[in-house]
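Chemist:
Numbering (our numbering), first residue to last: 3 to 218.
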């Protein structure tokens, strides 16, 4: 059976590249759009087996919203996310969980089309034990709790320990300890030649898919 894929990606170049590569491998791309609403309108007629979705689709519905709508129409559809964010929570901390048996791929870790093909096949293979979120990235960001991630975000924005403590309604000592644990988790050691907070902020921005480097 030829695989039928719904591709929803708002970056035109990425969508064109991925669609062309999939078609070259004999995959039917039955939905090819950057619009969540257009994808939903085309779904019933297109009847895809699996959806390949960008997490961030600009203003409006997210890839998770599209996936949830697809699953309501077709409970067995495979779901694969392809995102520039190392962790979905970096887009929005209040995002709902990813759908059951969905696979999460980090764009920067994709070396060729075979990585995507493997994920697409796994998402619809009932014999595969696919976790609710499988990442192509082994980034320590994914291991952080929501509170740790929020602390890192505030620190990356340049807030002092006192300001972070006020935002989180905790003591400065608690923030100091939290940042110390964060540094250990992220593998950022204290070094006289580098500002530890700057290094941690750069880890955060790289996880966002940004090349921004904070300097002293």
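By construction, the Cβ of each residue, glycine as well, lies at the ideal position given by its N, Cα and C atoms.
1. Identify whether residue 33 lies in helix, strand or coil by the three-state DSSP scheme.
2. Considering Cα atoms alone, identify which of 81, 190, 14 is closest to residue 121.
3. For residue 12, tell me which candidate among 165, 187, 85 has the shortest Cα-Cα distance.
4. Does residue 172 come out as helix, strand or coil in the three-state DSSP assignment?
5. How far does the beta strand (DSSP E) with residue 82 in it reach, from first residue to last?
6. In angstroms, rounded to a whole number, what distance separates the CA positions of residue 57 and residue 197?
7. Let me know if residue 202 comes out buried or exposed under the rule of 16 or more other beta-carbons within 10 Å of its beta-carbon.
8. Determine the extent of the beta strand (DSSP E) in which residue 20 is found, giving its start and end residues.
9. If we count the other Cβ atoms within 10 Å of its Cβ and call it buried at 16 or more, is residue 103 buried or exposed?
10. Cβ atoms of residue 38 and residue 63: under 8 Å apart, would you say?
11. Please identify the residue among 25, 7, 155 whose C-alpha is closest to the C-alpha of residue 93.
12. Between residue 178 and the rest of its own chain, which residues show a CB-CB distance below 7 Å, the 5 nearest in sequence each way excluded?
13. Going by C-alpha distance, which of 87, 18, 32 is nearest residue 111?
14. Considering only residues of the same chain and omitting the five flanking positions on each side of residue 89, which have a CB-CB separation below 7 Å?
15. Relative to the C-alpha of residue 54, which candidate in 174, 207, 26, 35 has its C-alpha closest?
16. Considering only C-alpha positions, which residue in the set 24, 16, 157, 7 is nearest to residue 47?
17. Smallest Cα separation from residue 31: which of 14, 157, 50, 42?
Modeler: Looking at the coordinates:
1. strand
2. 81
3. 85
4. coil
5. 80-85
6. 32 Å
7. buried
8. Premise fails: residue 20 lies in the alpha helix (DSSP H), 14-26, not in any beta strand (DSSP E).
9. buried
10. yes
11. 155
12. 163
13. 87
14. 143, 144, 209
15. 35
16. 7
17. 50
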